[in-house]
Amino acid sequence: MVRSTSEQSIVQRASCVGIRAACGAVLLATALPAALSAQGDRPQTHTVKAGDTLWGLARQYLGDPFLWPEIYRRNTQVVEDPHWIYPGEVLRLAGGDAVASVPATDTPAPSAEPAAPPRALPAPSAMSVRPVADSADMSPLFSQSERASLMRETLRAYSDQPYRPLRRSEFYSSGFLTEGKDLPFGRLAARVTPPQIQAVSTRVSATMYTDIVVAPPAGASYQVGDSLLIAMLGPDLRGSGRIVHPTGLARVTDISNGLTVASIVAVYGPIRSEQYMLPAERFSDAGSV
4 MVRSTSEQSI VQRASCVGIR AACGAVLLAT ALPAALSAQG DRPQTHTVKA
54 GDTLWGLARQ YLGDPFLWPE IYRRNTQVVE DPHWIYPGEV LRLAGGDAVA
104 SVPATDTPAP SAEPAAPPRA LPAPSAMSVR PVADSADMSP LFSQSERASL
154 MRETLRAYSD QPYRPLRRSE FYSSGFLTEG KDLPFGRLAA RVTPPQIQAV
204 STRVSATMYT DIVVAPPAGA SYQVGDSLLI AMLGPDLRGS GRIVHPTGLA
254 RVTDISNGLT VASIVAVYGP IRSEQYMLPA ERFSDAGSV
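Residues 4 to 292 (our numbering) are what the sequence shown spells out, left to right.
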């Protein structure tokens, strides 16, 4: 019997589909044990060494650096900031609740047991209702005269504020002119950075209670307890000198190994390295008027 051309084409296509399905089944059967073996060979924990990052650990153990949030999620009790991990920390790479393998046999269905007959509920008992006492005291907490007295005291606390001609913060934050004088300017050298944190830039603005390294002017020195005014220098005004813009106030806390360390106690503007330091004048409180 001679088959037509269309019948031969259908037979050839069916043969190709069968061959492809058989090849796919063979590849799946060989790839699945390899994947399970690779997953089993991965360690459960990793001890951080110098130079390790979550990005690198995700690439090493998970095969994709963009999966670093998965490692961070499992170790939030150890890693406070995902950008900083420290040598000696032990990180979990796999959760304890993960399924180790697929069971070889299916779980048998539970045997059918006869349902227990519904238990009869007891009849509800009559609820006792307690009458509300009519002798409740509904009088206000404060009388009208007492409320008026409290209001007057509150208003008096706002209206009787003592007036001060000049406050301490206003005194130190106000700008001034050098008036052509050669003032003893020191320099803000750098911000003190903890040794376990790598400094990205020395130009980062400092904040309250930040420790800074200061350099006194040539031939001078600072002592522990000295108050220093941190300032920027503005343009030179002809005949009046340069404008001094205070940005903060610091107090010397330590002098060791040739370095003078001060702590910032007041902030009036952005504080950055290479700004100028000047011994702060003593503030005399004029009292209240």
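Think of the CB as a built atom: it goes at the ideal place given N, C-alpha and C, for glycine as much as any other residue.
- When DSSP reads this structure, LEU60 sits in no beta bridge, so it has no partner.
- Counting every other CB atom within 10 Å of its CB across the protein chains shown gives TYR89 a total below 16, marking it as exposed.
- Taking the Cα of ASP185 as reference, the smallest distance to any Cα among LEU191, SER243, GLU92 and ILE215 is reached at SER243.
- Between SER176 and PRO273, the CB-CB gap reaches or exceeds 9 Å.
- Contiguous beta strand (DSSP E) elements confined to the region 173-240 occur at 189-194, 214-218 and 230-240, taking only those with 3 or more residues.
- DSSP places TYR89 in the coil class of the three-state scheme, outside both helix and strand.
- If you ignore the 5 residues before and after LEU180, its C-beta comes within less than 8 Å of the C-beta of LEU240, SER243, GLY244, ARG245, ILE246 and VAL247, all in its own chain and listed in chain order.
- DSSP, read as helix, strand or coil, puts LEU169 in coil.
- If you draw a straight line from the Cα of GLU92 to the Cα of THR56, it comes to about 12 Å.
- Under the three-state reduction of DSSP output, THR48 falls in the strand class.
- Bounds of any alpha helix (DSSP H) do not take in PRO249; it lies within the beta strand (DSSP E) bounded by 244-259.
- Beta-bridge partners assigned by DSSP to MET154: none are found.
- For ILE74, the uninterrupted alpha helix (DSSP H) run begins and ends at 71-77, by DSSP.
- Here SER146 carries a coil assignment [DSSP, helix/strand/coil].
- With respect to the C-alpha of THR50, the residue from GLU73, LEU94 and TRP87 having the closest C-alpha is LEU94.
- Taking a C-beta distance under 9 Å as the contact criterion, LEU158 and LEU232 do not qualify as a contact pair.
- Residue environment: GLY251 is assigned as buried (16 or more neighbouring CB atoms within 10 Å of its CB, all protein chains considered).
- Note on geometry: alpha-carbon atoms of VAL81 and THR213 lie some 26 Å from one another.
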